[in-house]
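Visitor: My structure is below; once you've seen it, I'll send some questions.
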Amino acid sequence: MIRTARRNLSVYSAILAMIPKQFMAYQLWFWISLVLSVISMAILVYFWRAIYANTSTISGLAQNQTINYILLAFIFMPLTSNDLIWEFGSNLREGTIIHHLLRPINFQGMNYAQMLGGLLTRLILQIPMAVVAVFIFGLRFPTDLSTWLAFLVSALLGFTVMFFFNWFLACFTFYTTEIWGLGVLVDGMTFFLSGALVPLVMMPEWIRNIVLSIPFAQALAVPVSLLTGITPLSDAPLVWFIQVLWILGMWIISTLFFRVAVRKITVQGG
Amino acid sequence: MTVIEVKQLTKVFKIPKKEPGLSGAVKGLFHPQFQNKTAVNEINFQLDAGEIVGYIGVNGAGKSTTIKMLTGVLMPTSGSIEVLGRDPHKQRVDNAHDIGVVFGQRTQLWWDLALIESLNLIAKIYDVHPVKYKLMLDQFTETLELDELLKIPVRNMSLGQKMRSELAAALIHAPHVVYLDEPTIGLDLIVKERIRDFIKAQCISKEMTVILTTHDLGDIEELCQRVIIIDDGRIIYDGPIETIKKRFGKFREITFETVEDVKKLDLPNGTEMLSTDDHKVQIRFDRTVSTASKVAAAVMNQIEVRDFSLSEPELSDIVKQIYNGALEREAR
Amino acid sequence: MTRYLNLYWYFLIQRLKVLMEYRLSFILGASSTIVWQASSIAAVWIVMQKVPSLNGWNYDEVLLVYGLVTLSKSINHMFADNLWTLGRIYIRSGGFDRFLVRPIDPLFHLLADRFCQDGVGNFLVGLALVIKSSVDLGIDWTPSKLLVLIVGIVSGGFIFIALNLITCVSAFWIVDSVPVTRLVFDNHLFAQYPLSIYPKAIGILLTWVIPYGFASFYPASYVLGRDVGNIAWFGPFVAAFLLFIGYRFWQFGLKYYSGTGT
Numbered sequence: 016m017i018r019t020a021r022r023n024l025s026v027y028s029a030i031l032a033m034i035p036k037q038f039m040a041y042q043l044w045f046w047i048s049l050v051l052s053v054i055s056m057a058i059l060v061y062f063w064r065a066i067y068a069n070t071s072t073i074s075g076l077a078q079n080q081t082i083n084y085i086l087l088a089f090i091f092m093p094l095t096s097n098d099l100i101w102e103f104g105s106n107l108r109e110g111t112i113i114h115h116l117l118r119p120i121n122f123q124g125m126n127y128a129q130m131l132g133g134l135l136t137r138l139i140l141q142i143p144m145a146v147v148a149v150f151i152f153g154l155r156f157p158t159d160l161s162t163w164l165a166f167l168v169s170a171l172l173g174f175t176v177m178f179f180f181n182w183f184l185a186c187f188t189f190y191t192t193e194i195w196g197l198g199v200l201v202d203g204m205t206f207f208l209s210g211a212l213v214p215l216v217m218m219p220e221w222i223r224n225i226v227l228s229i230p231f232a233q234a235l236a237v238p239v240s241l242l243t244g245i246t247p248l249s250d251a252p253l254v255w256f257i258q259v260l261w262i263l264g265m266w267i268i269s270t271l272f273f274r275v276a277v278r279k280i281t282v283q284g285g
Numbered sequence: 594m595t596v597i598e599v600k601q602l603t604k605v606f607k608i609p610k611k612e613p614g615l616s617g618a619v620k621g622l623f624h625p626q627f628q629n630k631t632a633v634n635e636i637n638f639q640l641d642a643g644e645i646v647g648y649i650g651v652n653g654a655g656k657s658t659t660i661k662m663l664t665g666v667l668m669p670t671s672g673s674i675e676v677l678g679r680d681p682h683k684q685r686v687d688n689a690h691d692i693g694v695v696f697g698q699r700t701q702l703w704w705d706l707a708l709i710e711s712l713n714l715i716a717k718i719y720d721v722h723p724v725k726y727k728l729m730l731d732q733f734t735e736t737l738e739l740d741e742l743l744k745i746p747v748r749n750m751s752l753g754q755k756m757r758s759e760l761a762a763a764l765i766h767a768p769h770v771v772y773l774d775e776p777t778i779g780l781d782l783i784v785k786e787r788i789r790d791f792i793k794a795q796c797i798s799k800e801m802t803v804i805l806t807t808h809d810l811g812d813i814e815e816l817c818q819r820v821i822i823i824d825d826g827r828i829i830y831d832g833p834i835e836t837i838k839k840r841f842g843k844f845r846e847i848t849f850e851t852v853e854d855v856k857k858l859d860l861p862n863g864t865e866m867l868s869t870d871d872h873k874v875q876i877r878f879d880r881t882v883s884t885a886s887k888v889a890a891a892v893m894n895q896i897e898v899r900d901f902s903l904s905e906p907e908l909s910d911i912v913k914q915i916y917n918g919a920l921e922r923e924a925r
Numbered sequence: 003m004t005r006y007l008n009l010y011w012y013f014l015i016q017r018l019k020v021l022m023e024y025r026l027s028f029i030l031g032a033s034s035t036i037v038w039q040a041s042s043i044a045a046v047w048i049v050m051q052k053v054p055s056l057n058g059w060n061y062d063e064v065l066l067v068y069g070l071v072t073l074s075k076s077i078n079h080m081f082a083d084n085l086w087t088l089g090r091i092y093i094r095s096g097g098f099d100r101f102l103v104r105p106i107d108p109l110f111h112l113l114a115d116r117f118c119q120d121g122v123g124n125f126l127v128g129l130a131l132v133i134k135s136s137v138d139l140g141i142d143w144t145p146s147k148l149l150v151l152i153v154g155i156v157s158g159g160f161i162f163i164a165l166n167l168i169t170c171v172s173a174f175w176i177v178d179s180v181p182v183t184r185l186v187f188d189n190h191l192f193a194q195y196p197l198s199i200y201p202k203a204i205g206i207l208l209t210w211v212i213p214y215g216f217a218s219f220y221p222a223s224y225v226l227g228r229d230v231g232n233i234a235w236f237g238p239f240v241a242a243f244l245l246f247i248g249y250r251f252w253q254f255g256l257k258y259y260s261g262t263g264t
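Residue numbers (the working numbering), protein chains in the order written: chain A, 16 to 285; chain B, 594 to 925; chain C, 3 to 264.
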């Protein structure tokens, strides 16, 4: 797993170093996407500061807590990425899925390692905007080691929940070619349903219940709430337990659906 | 009537000098260095109405640069071009009304539209009178056999169907000057024949002038009476195809079918053995040095010959020679 | 001029025919933009239930601002979306040369070649928000307020198009103009909310440099009876100015392109 991540990283950096022109184009896009992230963060920060102009707490959260939460949710967005769905879509089109299934390695495990590697790469690429957030927008990272540990465990668990959920969604690619449209719709909803735009505690109960009944929040809102201290450390074990239950549930339905879908292409030919 | 007149046409490009490696790329960002590349160097030629001219040269010789200037896409560095009395760059729109262009690799038709819809849209763009349009459409439908194609979008067409449609699209507004760039690329022989026949017929009836750029010398031989060869930005030949063949077709080939396998032969001057295998011997001789009968006699004195054949010079060989500087050697 | 209008209409009809064939994509495309917008608005709604004032603007007033910029954005999205693709699709493949060989203006051709259906989603959202907020706010519509609103939307749309045009011209030099266009375009997100919530620098940026502010904040302020002064009427002048610059820049880029052939 770590080997795959390291391999991904070294491949990326080797490619970067070897091709000057592409490196230059990458440079341009790198700086521009950093500016674009700063714009998004600025809007979030000023919006919330204006909201808190005449109030000290909302739903028990102070301004700095909320802004910390919003910025951290923005930075850790990659935890909700659904690359798997796009991968499946393109894999299927190229017929490579059959090859994978014939190999004696664990197909799901291999994909998991790949996605994890992708996640780590993405998170590293988020570092510059985190730096900007700290120095310009006053983001405060917790200094407490146990908070970080609790967050990391929860983030990994949440990522795993999303992995199996995406696996489940990806199985739809076996049945329809319009996966692009579905993917875009899911993207649009993820932003809100992951809890990135509004802290869960601020949502009216009925909305919060809906959001908590879908997997997205487990990947982002839940771990980030731990990191910001909105969810106290003492609740960590309970949080992890719930996430593990989610993993089990998602794992079961994704594996079942996958088996059915695979049978469809091997029997019908897709 | 002169339709195209090109005088001292020159195009010089400023190419950035790139140094290799990362440091080179960085240097290139702050202190870009340029060097001049003359793609087209003071060329001159004239085309009269009704001519079909082949414009050939190796890749990078300046062919597409010339065509881009003729069509008004690229601005010349110096010199002048007159197409139907207009400067194609300065009077771009007016010129565009009277020209048709086929870029062999890139279709001008809309990918998802049925052919007939594409043609309708093109007719609107070129402001073709509805009556004239109907006439042209009917004619092309017949000569290019477009009946079943009219309702099909381009994305569903085979390469041959695409090219027939492309030609119809390029000519639907009855242009007086037509630029064809690789119109038969990738097509099978039968379709090529149809397309060549179509172009020929159009030119006879329409007083259309055609410039054909292609690597397919079969197209040139079939369609063009005149050939202009460009090499390294300069025109090295401009004249009838026949003259080229006569002047530069100095090599002939005789293929002998022999009873036994031949290993070695004593050959007269100006001859060389190209290959020998499987009871066949190929010999090439220089017409200016030797004669067919001399070669045949020499060979038949040494071995028993069952049959032999004499081949005409191929345009592609001749062109190859010219590319390799035969013209210059000839001039000296 | 009438010829170009006729021609545009014809291009549009053809495009719609194609879109009707891909009905599912059409609907998904339009809905995806609606879903995106709904997410943001839902978040704003939730927050403003708790705190009804955003720097003195209430929920419906915020919606009006949001709706106006979305409406302006949709005009660009529907009619000028093809500008984004100039480099990646037309210049990179050489397809742009085809435009130069046809007897119509290449900029017109680029714009007319693709009406973007996704923009319809934005248009509907923007319209719904503007209508809903106006009704709920019970605005007293005077002729000048109505005029400011309509002028604001139209000139806002042209400001979006002009900025899009100015940035896409970079494609003649660097081919992939999308990052450059994004750099400018994304600033419109600031204009989704009242400019008064931002520090002065951003307000100046969005008024005098990348003037998206004229698409939403200034017309809204005027309509809501807030004191903005005459600046509320500057929109069309700003739009005209930017369009002028955009077109001159386009001609400059075109000249460069026909000089170097890329």
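Virtual Cβ for every residue (Gly too), placed ideally from N, Cα, C.
All figures in this text were calculated on a predicted structure; none of them were measured in a lab.
Pull the bridge partners of ASN57(C) from the DSSP assignment, please.
Guide: In the third sequence, counting from the first residue as 1, residue 57(C) sits at position 55. Residue pairing from DSSP leaves ASN57(C) without any beta-bridge partner.
Visitor: Report the residue from TYR24(C), TRP252(C), LEU256(C) and GLY215(C) whose alpha carbon sits nearest the alpha carbon of VAL240(C).
Guide: Position 238 of the third sequence, counting from 1, holds the residue named residue 240(C). Among TYR24(C), TRP252(C), LEU256(C) and GLY215(C), the Cα nearest to that of VAL240(C) is on GLY215(C).
Visitor: Find the residues of chain C that neighbour VAL830(B), judging by a C-beta separation of less than 7 Å, and give them in chain order.
Guide: In the second sequence, residue 830(B) corresponds to position 237, counting from 1. Correcting the residue type first, residue 830(B) is Tyr in the shown sequence and not Val. Near TYR830(B) there are no residues of chain C at all, since even the closest Cβ is about 25 Å away, more than 7 Å.
Visitor: For ASP115(C), return the contacting residues in chain A, with the cut-off set at a CB-CB distance below 7 Å.
Guide: Taking the first residue of the third sequence as position 1, residue 115(C) is located at position 113. Near ASP115(C) there are no residues of chain A at all, since even the closest Cβ is about 22 Å away, more than 7 Å.
Visitor: Assuming ILE90(A) contacts ARG184(C) under a Cβ cut-off of 8 Å, what Cβ separation, rounded to an integer in Å, is found between them?
Guide: The count along the first sequence starts at 1 and reaches residue 90(A) at position 75. The count along the third sequence starts at 1 and reaches residue 184(C) at position 182. That belief does not hold up - the Cβ atoms of ILE90(A) and ARG184(C) are roughly 20 Å apart, past 8 Å.
Visitor: Just mark GLU63(C) as buried or exposed, buried being the case when its beta carbon has 16 or more other beta carbons within 10 Å.
Guide: To locate residue 63(C), count along the third sequence from 1; it is residue 61. Per the 10 Å Cβ criterion, buried.
Visitor: Give the interface partners of SER74(A) over in chain C, defined as CB-CB distance under 8 Å, in chain order.
Guide: Locating residue 74(A) in the first sequence gives position 59, counting from the first residue. Simply LYS52.
Visitor: Please go through the same chain and pick out, in chain order, the residues whose beta-carbon is closer than 8 Å to the beta-carbon of LEU76(A), but skip the five residues on each side of it.
Guide: On the first sequence, position 61 is the one that residue 76(A) refers to. Same-chain partners within the cutoff: TYR84, PRO214, VAL216, MET217 and ILE245.
Visitor: Opposite ASN629(B) in the DSSP bridges: which residues?
Guide: Within the second sequence, residue 629(B) is the residue found at index 36, counting from 1. Answer is LYS607(B), bridged to ASN629(B).
Visitor: Taking Cβ-Cβ distances shorter than 7 Å, what residues in chain C pair up with ALA65(A)?
Guide: In the first sequence, the residue the question calls residue 65(A) occupies position 50. Neighbours of ALA65(A) on chain C, chain order: LEU56, ASN57 and ILE199.
Visitor: With DSSP as the reference, label LYS600(B) as helix, strand or coil.
Guide: Start at 1 with the first residue of the second sequence, and residue 600(B) comes out as number 7. In this structure, LYS600(B) counts as strand in the three-state DSSP scheme.
Visitor: Roughly how many whole angstroms lie between the Cα atoms of VAL168(A) and ALA57(A)?
Guide: In the first sequence, residue 168(A) corresponds to position 153, counting from 1. In the first sequence, residue 57(A) corresponds to position 42, counting from 1. In a straight line, the C-alpha of VAL168(A) is about 29 Å away from that of ALA57(A).
Visitor: For my contact list, THR603(B) and ASN634(B) are in at a C-beta cut-off of 8 Å; report their separation, rounded to the angstrom.
Guide: Here residue 603(B) corresponds to residue number 10 of the second sequence, with the count starting at 1. Here residue 634(B) corresponds to residue number 41 of the second sequence, with the count starting at 1. Between ASN634(B) and THR603(B) the Cβ distance is about 6 Å, and since that is below 8 Å, they are a contact.
Visitor: So, using beta-carbon positions, are GLY173(A) and TRP101(A) closer together than 9 Å?
Guide: Position 158 of the first sequence, counted from the start, is the residue given in the question as residue 173(A). Position 86 of the first sequence, counted from the start, is the residue given in the question as residue 101(A). No. Outside cutoff.
Visitor: What does a CB cutoff of less than 7 Å around ARG25(C) pick up in its chain, not counting 5 residues either side in sequence?
Guide: As a first step, residue 25(C) must be located in the third sequence, where it is residue number 23. Taken in chain order, the list of residues that qualify is empty.
Visitor: Return the Cβ separation of ALA276(A) and PHE189(A) in integer angstroms, given the expectation that the two are a contact with Cβ distance under 8 Å.
Guide: Position 261 of the first sequence, counted from the first residue, corresponds to residue 276(A). Position 174 of the first sequence, counted from the first residue, corresponds to residue 189(A). That belief holds up - the Cβ atoms of ALA276(A) and PHE189(A) are roughly 4 Å apart, short of 8 Å.
Visitor: By the criterion of Cβ-Cβ separation under 7 Å, what are the contact partners of THR848(B) in chain C?
Guide: As a working mapping, residue 848(B) is identified with position 255 in the second sequence. Result: empty, since nearest Cβ-Cβ is about 44 Å, beyond 7 Å.
Visitor: So LEU85(C) and LEU165(C) are supposed to be a Cβ contact under 8 Å. How far apart are they, rounded?
Guide: Taking the third sequence and counting its residues from 1, one reaches residue 85(C) at position 83. Taking the third sequence and counting its residues from 1, one reaches residue 165(C) at position 163. Not confirmed; about 10 Å, so no contact.
Visitor: Could you give the DSSP three-state label for GLY285(A): helix, strand or coil?
Guide: Working through the first sequence from its first residue, we reach residue 285(A) at position 270. Summary for GLY285(A): the model assigns pLDDT 48, below 50, so the residue's position carries little reliability; its value from the coordinates is reported in the next sentence. In the structure shown, GLY285(A) sits in coil (DSSP, three-state: anything other than H, G, I, E or B).
Visitor: Please name the residue or residues paired with GLU865(B) in a DSSP beta bridge.
Guide: The count along the second sequence starts at 1 and reaches residue 865(B) at position 272. According to DSSP, GLU865(B) bridges with ARG877(B).
Visitor: Are the CB atoms of ALA88(A) and ALA6(A) within a distance shorter than 9 Å?
Guide: Past the boundaries of the shown model lies residue 6(A); chain A is included only from 16 to 285, so the question cannot be answered.
Visitor: Which complete alpha helix (DSSP H) runs does the segment 78-114 of chain C hold, if anything under 4 residues is left out?
Guide: Entirely contained in the segment 78-114 of chain C, the alpha helix (DSSP H) runs reaching 4 residues are, in chain order, 98-102 and 108-114.
Visitor: Please check if any C-beta of chain A sits within less than 9 Å of the C-beta of LEU139(C).
Guide: Within the third sequence, numbered from 1, the residue matching residue 139(C) stands at position 137. No, its Cβ sits nowhere closer than 9 Å to a Cβ of chain A.
Visitor: Could you work out which residues of chain C lie near SER55(A), taking near to mean beta carbons separated by less than 8 Å?
Guide: Position 40 of the first sequence holds residue 55(A). Under the 8 Å cutoff, chain C gives ASP188 and LEU191.
Visitor: Does the separation of the CB atoms of TYR68(C) and ILE36(C) fall below 9 Å?
Guide: Residue mapping note: residue 68(C) aligns to position 66 of the third sequence, counting from 1. Residue mapping note: residue 36(C) aligns to position 34 of the third sequence, counting from 1. No, they are not a contact pair.
Visitor: Pairs of beta-carbons, one from the segment 243-252 of chain C and one from the segment 98-105 of chain C, closer than 8 Å: are there three or more?
Guide: no
Visitor: If you reduce the DSSP assignment to three classes, tell me which class TYR249(C) lands in.
Guide: Mapped onto the third sequence, residue 249(C) falls at position 247. It is helical.
Visitor: Taking 9 Å as the CB-CB limit, is THR802(B) close to chain C?
Guide: To locate residue 802(B), count along the second sequence from 1; it is residue 209. Closer than 9 Å: no.
Visitor: Below 8 Å, how does it come out for the segment 219-235 of chain A and the segment 126-137 of chain A: are there three or more Cβ pairs, yes or no?
Guide: no
Visitor: Span of the beta strand (DSSP E) holding VAL171(C)?
Guide: Position 169 of the third sequence, counting from 1, holds the residue named residue 171(C). Where VAL171(C) is concerned, there is no enclosing beta strand (DSSP E), given that its DSSP letter is neither H nor E.
Visitor: Could you tell me the boundaries of the alpha helix (DSSP H) in which ARG116(C) lies?
Guide: Within the third sequence, the letter at position 114 stands for residue 116(C). Unbroken run through ARG116(C): none, as it is neither H nor E.
Visitor: Starting from ILE828(B), trace the beta strand (DSSP E) in both directions and tell me its first and last residue.
Guide: Locating residue 828(B) in the second sequence gives position 235, where the first residue counts as 1. Its beta strand (DSSP E) spans residues 827-833.
Visitor: Distance, Cα to Cα, ARG787(B) vs LEU737(B)?
Guide: In the second sequence, counting from the first residue as 1, residue 787(B) sits at position 194. In the second sequence, counting from the first residue as 1, residue 737(B) sits at position 144. When rounded, the distance between both Cα atoms is 8 Å.
Visitor: Any C-beta of chain A sitting closer than 9 Å to the C-beta of ILE1(C)?
Guide: Look at the range of chain C in this structure, 3 to 264, and you will see that residue 1(C) is not part of it.
Visitor: Since I believe PRO746(B) is in contact with ASP705(B) (beta carbons under 8 Å), could you give me their beta-carbon distance rounded to a whole number of angstroms?
Guide: Mapped onto the second sequence, residue 705(B) falls at position 112. Mapped onto the second sequence, residue 746(B) falls at position 153. That belief holds up - the Cβ atoms of ASP705(B) and PRO746(B) are roughly 5 Å apart, short of 8 Å.
Visitor: Output, in sequence order along the chain, the residues in the segment 39-51 of chain C whose CB is closer than 9 Å to any CB in chain A.
Guide: GLN39, ALA40, SER41, SER42, ALA44, ALA45, VAL46, ILE48, VAL49, MET50 and GLN51
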